[in-house]
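Just so it is clear: in the first sequence, position 156 is 607 by the working numbering, and no numbers are missing.
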Amino acid sequence: MVRESKKYEELRGFRTLFPDDLLIYKFISDSIEDVVKKWGYLPIEPPSLEYGEVLTAKGGLSPEQAKELFIFKDHDDRWIGLRFDLTTPIARIVGYNYESFVTKMPLRWYYFSKMWRYENDPKKGRYREFWQFGIELIGSSSHLADAETISIAIKSLLSLGFKPEQIKIFISHREILWGIISNFIEDQEKILEIIRLIDKKDKMTMEEIISKIKEIDENEELEKILSEILSLEPMEFQKLYDNFLVKIKDLNDKTKKAVENLNDLFNDLNIILNEYEMSFVLFDMSIARGFDYYTGIIYEVYIYKNNKRDGGSILGGGRYDRLIDLYGGLNTPSIGFALGVDRCVESMKELGIKIENLKNRPDAHIIVDISINEYLKSAFKISEILRNEGIVCTITLNKYSSWRKMLKSELEYADANKIPYTIIIDDSIKQGKVIYKDMNKRSQETIFIENIKNIFN
RNA sequence: GCCAGGGUGGCGUAAUUUGGCAAGCGUGGGGGACUGUGGAUCCCCAGAUUCGGGUUCAAAUCCCGGCCCUGGCACCA
């Protein structure tokens, strides 16, 4: 075989999903779709490309995140970019057509789509082109809306086959940390820096973090509170409330409102979720999340293997009450989450979660000498009988110089594609019979055509 | 972006330590034999040192750089 010597690679961070991969993606999307549909969510697919300003100026991106945009000039010299999430385009769409949606709110939408980010170091579970399944609940500020999305997130993951002990959802509130720190510091940049440091508590020791915080701002009282926050493990709400929230809730209006909000959410979750689902829920003050558009409740899901955290978060969400306003909507508080499907697939493989009914091959292959018209006619008749029964089958396409070659080649085809049964059409078709072959047992028998469908049940 | 380790036919690998025969093997591919119970077996064929430069009589092997991959850090949506 002579080939061009140059090989054309795929773009860094991009990859091909082959049938076996894509069937898993399809399973994930079907399973979660089943869940969200029952809650009244409807599908949406915004365009892949947006004007640059939609993504940069208003997308709630920090400067570092803006660097990770796929953005370029088109033939008309306009800046356009690939979407990095769907919350932003959806917010734009709602803002743009605001009047037409008002009476329908709250909108319940879901999506399963590709996103693009120019990751500087793509690797496993982190691609430049990746898939998300997400929902958006647009136009409600109710804590019940928060609880609804969290409930759906849990049910979605369960529907994929994750076991309860493998799922943990960590809930926090943007305004609590912000409220506390803003009591001591006014500079917004500094507050953000400190929040990012707190988010690192898994990776740095408390001393390191505190000393870095001191570099930003020296304040004994703040330091005391922050050390306390850093020593808080993720825990049940009541415990967090008694140990910590009760102490800081009256610091200022912001923290007070946030604590009340979190309390309401907890009560809702207690009502919506059963005891078993409630056991996945923990409250963790150090969850920060990157997007600047988040405003209130935020949450992340991590997968656990043998009680140890396995990789980064696979699902994240939160409230973005002011994002749609930026695109022309009025006061449209909303919340949503997105599941990183690629990471989800990695986790499922890692945990050995098997997908039942994952069908990646036909049930039967009909082998026939296509140069004999009456054989071919019979083959198609049989294929139609099988397909009407929901049995997936393929038929010989090629002409062979001999019967032996045909059998060799066609049986190899069935073998290579793991097709479990073959049906061979030969002279006995004149008696209304065909050869039915079990490829695994390597056994065969001659049966009447009418009996074929019974064999497949 | 930083550090470490890698990259040999389509795929999986041997040879790299110690530079030196024609880069070996398996699988997959093409062709053929066995001439209608066959997916077996046998024979033949094609096919690779990631790319660019350097050292050397000689480079898959040593050196430098690019690209890509895998870990770890950083960043993370």
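The C-beta atom is built at its ideal place from N, Cα and C for all residues, glycine as well. Predicted model, so just to flag it, every value in this text is computed and none were measured.
Apart from sequence neighbours up to five positions away, the residues of its chain that approach isoleucine 786 with a beta-carbon distance below 6 Å are Leu588, Ala596, Asp597, Thr600, Arg770, ordered along the chain. In the DSSP assignment, phenylalanine 581 is bridged to Met566.
Ranking Pro498, Lys652, Gln882, Ala789 by CA distance to the CA of alanine 604 puts Ala789 first. Here leucine 648 is buried, its C-beta having at least 16 other C-beta atoms within 10 Å. If you ignore the 5 residues before and after methionine 556, its C-beta comes within less than 8 Å of the C-beta of Ile589, Gly590, Ser591, Thr783, all in its own chain and listed in chain order. Around the beta carbon of tyrosine 578, 16 or more other beta carbons lie within 10 angstroms, which makes this residue buried.
Residue pairing by DSSP leaves serine 730 without any beta bridge partner. Histidine 624 counts as buried, since at least 16 other C-beta atoms from the protein chains shown sit within 10 angstroms of its C-beta. In this structure, the alpha-carbon of glycine 883 lies about 40 Å from that of phenylalanine 469.
Assigned with DSSP and collapsed to three states, histidine 816 falls in strand. Burial is judged here by how many other beta carbons sit within 10 angstroms of a residue's own beta carbon; tyrosine 727 has fewer than 16 and is exposed.
CA-CA distance, isoleucine 886 to leucine 809, rounds to 28 Å. For the region 495-550, the full-length beta strand (DSSP E) segments reaching 3 residues or more read 500-502, 522-524, 530-533 along the chain. In the three-state reduction of the DSSP assignment, threonine 783 falls in the coil class, being assigned neither a helical nor a strand state. Take leucine 628, set aside five residues on each side of it, and the residues of its chain with a beta-carbon closer than 6 Å to its own are Ile646, in chain order. For serine 499 and glutamine 895, the gap between their C-alpha atoms comes out near 52 Å. Judged by DSSP in its simplified three-state form, arginine 559 adopts strand. Considering only Ser564, Gly803, Ile898, Asp638, the residue with the shortest C-alpha distance to lysine 881 is Ile898.
A straight-line Cα-Cα distance of about 7 Å links lysine 574 and glycine 464. If you look at glutamate 896, you'll find it in the beta strand (DSSP E) that goes 894-899.
Proline 685 is not a Cβ neighbour of phenylalanine 581, given a cutoff of 9 Å.
Taking glycine 491 as the centre and dropping the five residues before and after it, the same chain places the C-beta of Arg559 closer than 7 Å to its C-beta, in chain order. Contact annotation: valine 505 and threonine 539 have beta-carbon atoms nearer than 9 Å. Here the alpha carbons of glutamine 516 and aspartate 743 stand approximately 10 Å from one another. Here leucine 681 carries a helix assignment [DSSP, helix/strand/coil].
Contact between the region 846-863 and the region 827-835 is established, with three or more Cβ pairs separated by less than 8 Å. Isoleucine 667 and glutamate 644 do touch by the CB rule: their CB atoms are close to 6 Å apart, below 8 Å. Cβ-Cβ distances below 7 Å link isoleucine 631 to Ile676, Ile699, Leu702, Thr706 in the same chain, with the five nearest sequence neighbours on each side left out; the list follows chain order. In terms of CA proximity to tyrosine 778, Ala542 leads the group Ala542, Glu840, Ser822.
In this model, leucine 493 and leucine 713 are separated by some 28 Å (Cα to Cα).
Counting C-beta pairs with one atom in each stretch, the region 746-764 and the region 526-535 have fewer than three that are closer than 8 Å, which means they do not touch. For phenylalanine 831, no beta strand (DSSP E) segment is defined; the enclosing uninterrupted segment is the alpha helix (DSSP H) at 824-839. At the C-beta level, phenylalanine 734 and leucine 691 come within 9 Å of one another. Taking C-alpha positions only, valine 545 is separated from phenylalanine 563 by approximately 18 Å.
For the pair glutamate 616 and methionine 729, the Cα-to-Cα distance works out to about 12 Å. No Cβ-Cβ contact shorter than 9 Å links lysine 888 with glutamate 840.
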